[in-house]
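Here is the structure we will look at, set down as structure tokens.
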Amino acid sequence: MNEIQNILIVDDEKSNIDILLNFFSINPNPYYKFIVALSGEKALQIVETREVDLILLDIVMPHMDGYEVCRRLKANPQTQHIPILFITSSTDEASILKAYELGAVDYVTKPFRAIELMARVKINLELQSSFRQLKFLYGNLQDSIAYASHIQNAIIPQPHILESFFAQHFVMWQPKDTVGGDIYLFEELRHSDEALLMVIDCTGHGVPGAFVTMLVKAIEREIIGKIITSNEAVNPAHILQHFNRIMKKLLKKEDYTTRSDSGFDGGILYINKKEKILRFAGANTPFVYLQEGHLKIIKGDRHSVGYRKSQDDYPFTNHTLEYSSKICGYLATDGYFDQTGGEYGFMLGRKNFLKLIKEHYTQNMNDQKKLFEENLTNYQGTHNRKDDITLIGFRI
Numbered sequence: 051m052n053e054i055q056n057i058l059i060v061d062d063e064k065s066n067i068d069i070l071l072n073f074f075s076i077n078p079n080p081y082y083k084f085i086v087a088l089s090g091e092k093a094l095q096i097v098e099t100r101e102v103d104l105i106l107l108d109i110v111m112p113h114m115d116g117y118e119v120c121r122r123l124k125a126n127p128q129t130q131h132i133p134i135l136f137i138t139s140s141t142d143e144a145s146i147l148k149a150y151e152l153g154a155v156d157y158v159t160k161p162f163r164a165i166e167l168m169a170r171v172k173i174n175l176e177l178q179s180s181f182r183q184l185k186f187l188y189g190n191l192q193d194s195i196a197y198a199s200h201i202q203n204a205i206i207p208q209p210h211i212l213e214s215f216f217a218q219h220f221v222m223w224q225p226k227d228t229v230g231g232d233i234y235l236f237e238e239l240r241h242s243d244e245a246l247l248m249v250i251d252c253t254g255h256g257v258p259g260a261f262v263t264m265l266v267k268a269i270e271r272e273i274i275g276k277i278i279t280s281n282e283a284v285n286p287a288h289i290l291q292h293f294n295r296i297m298k299k300l301l302k303k304e305d306y307t308t309r310s311d312s313g314f315d316g317g318i319l320y321i322n323k324k325e326k327i328l329r330f331a332g333a334n335t336p337f338v339y340l341q342e343g344h345l346k347i348i349k350g351d352r353h354s355v356g357y358r359k360s361q362d363d364y365p366f367t368n369h370t371l372e373y374s375s376k377i378c379g380y381l382a383t384d385g386y387f388d389q390t391g392g393e394y395g396f397m398l399g400r401k402n403f404l405k406l407i408k409e410h411y412t413q414n415m416n417d418q419k420k421l422f423e424e425n426l427t428n429y430q431g432t433h434n435r436k437d438d439i440t441l442i443g444f445r446i
């Protein structure tokens, strides 16, 4: 060990404390610093103002015994992590069991052997040091993930952008963890009546999935830049093909020695309100819409984007829809209908998802969002969340 570690000795008999200090002076450790308390009350005062790495605690003391000291320490979030080693003459099984139940990490009976006590102290201090290092690293990791979450939230569209384009809409975006592998993107193009909506489900969730969403966003910015400076018709199928080629190249999918095999499933919808055209291409992702009460599904291609197994020049398919009346549309990743729940732990399923849309599409979009959220919560019940969830509904 290369840092000072504070050991608090608690015993109402000073002679017992002197014996312990004498044992440790025989084979001194320059990194051990001893603090003494002649009562349980004094021990509790010390831990409030001093950092303590290990407590050697007697059980039998007047006013407040070692059990009560231990109970209070473990009940306090600020001190519950401090390891407690009981040193006592109580050798009966009930006393030993009670000590462990209260949270002690070790129990040494008197008379004890100095070599045994010092070994147990050394082991518990090493464990405490490891615990603190892990706690520090975990704190840094959580801070980094929280910062990544801020970044991910910053790259998704701001609500007012979608509000200005759609007559009504809702967004249900729920990462399984602090950050996630789902992302949705929305960009107005060459005029205010023309836009692209993308819903993307990247490999995995949590931090790995979030890294892929950042890559997707970077590629998307390049694509949008080319579209805005071009007079050509916007082609969602070509956009998926471009994503496929670039991701396979950047992630070195031709190199089978690399462990990375990330990609995505997703749907890209081009919307031109001026010309009343929708154009959709999907990679294992459908576009669901209702027009004049009729529910229709454009399934998209059964082919993913960017994976090693993804065909380099796969010809994704465009589906063009000309509309003259109002349309209610939905794009979703599979997290919603793949969520397990119910009495038998089955997936919610696409049929139930479509049934919900069919029954409630006439409602206000904000009301629909609440309904989808409540339905998912009720179905999931006590089951764990399985995946990231993205569901977007809109009316034009």
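Each residue of the sequence shown is one higher than the last, beginning at 51 in the numbering used here.
The beta carbon of each residue, even a glycine, is placed where N, CA and C say it ideally should be.
Buried/exposed call for Pro112, threshold 16 Cβ in 10 Å: For this step, residue 112 is matched to residue 62 along the sequence shown. Exposed.
Inter-residue spacing [alpha-carbon to alpha-carbon] between Asn368 and Val284: The residue you call residue 368 lines up with position 318 of the sequence shown. The residue you call residue 284 lines up with position 234 of the sequence shown. Roughly 10 Å between the two C-alpha positions.
Beta strand (DSSP E) segments (min. 3 residues) lying fully within the segment 116-153: 134-138
Where Tyr386 falls: helix, strand or coil (DSSP): Position 336 of the sequence shown, counted from the start, is the residue given in the question as residue 386. Tyr386: coil per DSSP, three-state reduction.
Pro442 and Val221 closer than 8 Å at C-beta: For the purposes of this step, residue 442 is identified with residue 392 of the sequence shown, where counting begins at 1. For the purposes of this step, residue 221 is identified with residue 171 of the sequence shown, where counting begins at 1. Sequence inspection shows Ile at residue 442; the Pro mentioned does not correspond to that position. Contact: yes.
Identity of the residues DSSP links to Phe366 by a beta bridge: Looking up residue 366 in the sequence shown gives position 316. Answer by DSSP bridge pairing: none, since Phe366 is not bridged.
Thr440 in three-state terms, based on DSSP: In the sequence shown, the residue the question calls residue 440 occupies position 390. In the structure shown, Thr440 sits in a strand (DSSP, three-state: E or B).
Ser354 versus Lys298: straight-line alpha-carbon distance, rounded: In the sequence shown, residue 354 corresponds to position 304, counting from 1. In the sequence shown, residue 298 corresponds to position 248, counting from 1. Rounded to whole angstroms, Ser354 to Lys298 spans 12 Å at the Cα level.
Nearest to Ile69 (by Cα), restricted to the options Leu187, Ile137, Val110: The residue given as residue 69 occupies position 19 in the sequence shown. Of the listed residues, the one whose Cα sits closest to Ile69 is Ile137.
Rounded separation between Ala217 and Ala331 - CA only: Taking the first residue of the sequence shown as 1, we reach residue 217 at position 167. Taking the first residue of the sequence shown as 1, we reach residue 331 at position 281. The alpha-carbon atoms of Ala217 and Ala331 are separated by roughly 23 Å.
Secondary structure of Met51, DSSP reduced to three states: On the sequence shown, residue 51 is found 1 positions in, with the first residue counted as 1. Only weak support is given to the placement of Met51: the predicted model assigns it a pLDDT of 49, under 50, and the value that follows is read from those uncertain coordinates. Three-state DSSP puts Met51 in coil, outside helix and strand.
Euclidean distance between Cα positions of Leu345 and His288: In the sequence shown, residue 345 corresponds to position 295, counting from 1. In the sequence shown, residue 288 corresponds to position 238, counting from 1. If I take the Cα positions, the gap works out to 27 Å.
Uninterrupted alpha helix (DSSP H) stretches inside the segment 385-436 (no shorter than 4 residues): 400-410, 415-430
Other residues of its chain near His410: CB distance less than 7 Å, five sequence neighbours each side excluded: Translated into positions along the sequence shown, residue 410 becomes position 360. Counting only Cβ-Cβ distances below 7 Å, and skipping sequence neighbours, we find Gln418, Leu421.
Contact set for Ser139: own chain, Cβ-Cβ below 6 Å, skip 5 residues either direction: Start at 1 with the first residue of the sequence shown, and residue 139 comes out as number 89. Correct list, in chain order: Lys160.
Residue burial classification, Gln208 (beta-carbon count within 10 angstroms, cutoff 16): By one-based count along the sequence shown, residue 208 stands at place 158. Looking at its Cβ environment, which holds fewer than 16 other Cβ atoms inside 10 Å, Gln208 is exposed.
Asn281 versus Ile165, Thr253, Leu398, Arg240, residue with shortest Cα-Cα distance: Numbered from its first residue, the sequence shown carries residue 281 at position 231. Out of Ile165, Thr253, Leu398, Arg240, Arg240 has the C-alpha closest to the C-alpha of Asn281.
Nearest-angstrom beta carbon gap, Thr370 and Val249 [assumed within contact, 8 Å]: Here residue 249 corresponds to residue number 199 of the sequence shown, with the count starting at 1. Here residue 370 corresponds to residue number 320 of the sequence shown, with the count starting at 1. That belief does not hold up - the Cβ atoms of Val249 and Thr370 are roughly 19 Å apart, past 8 Å.
Whole-angstrom distance between Ile277 and Gly431, CA atom to CA atom: Within the sequence shown, the letter at position 381 stands for residue 431. Within the sequence shown, the letter at position 227 stands for residue 277. Their Cα atoms are separated by approximately 45 Å.
Buried or exposed (CB count within 10 angstroms, at least 16 for buried), Met51: The residue you call residue 51 lines up with position 1 of the sequence shown. Bear in mind that a pLDDT of 49 at Met51, under 50, signals an unreliable position, so the model cannot answer this.
Leu184, buried or exposed, once every other Cβ within 10 Å from all chains shown has been counted against 16: Reading the sequence shown from its first residue, position 134 is the one you call residue 184. Leu184 should be labelled exposed.
Tyr234 versus Ser180 - alpha carbon distance: Mapped onto the sequence shown, residue 234 falls at position 184. Mapped onto the sequence shown, residue 180 falls at position 130. When rounded, the distance between both Cα atoms is 41 Å.
C-alpha distance - His219 paired with Leu191, whole-angstrom precision: Taking the sequence shown and counting its residues from 1, the one referred to as residue 219 is at position 169. Taking the sequence shown and counting its residues from 1, the one referred to as residue 191 is at position 141. So the alpha carbons of these two residues sit roughly 36 Å apart.
Coarse secondary structure for Leu235, derived from DSSP in three states: The sequence position of residue 235 within the sequence shown is 185, counting from 1. Leu235: strand per DSSP, three-state reduction.
Status (buried if at least 16 other CB within 10 Å, exposed otherwise) for His255: Within the sequence shown, the letter at position 205 stands for residue 255. When all chains shown are included, His255 counts as buried.
Closest Cα partner of Asn452 within the set Pro225, Glu213, Leu187: There is simply no residue 452 to check, as the chain begins at 51 and stops at 446 in what is shown.
Between the CA atoms of Asp437 and Gln130 - distance to the nearest angstrom: Here residue 130 corresponds to residue number 80 of the sequence shown, with the count starting at 1. Here residue 437 corresponds to residue number 387 of the sequence shown, with the count starting at 1. Computed Cα separation, rounded: 34 Å.
Neighbourhood of Lys349 by C-beta, 8 Å cutoff - its chain only, sequence neighbours within 5 removed: The count along the sequence shown starts at 1 and reaches residue 349 at position 299. The residues are Gly332, Pro336.
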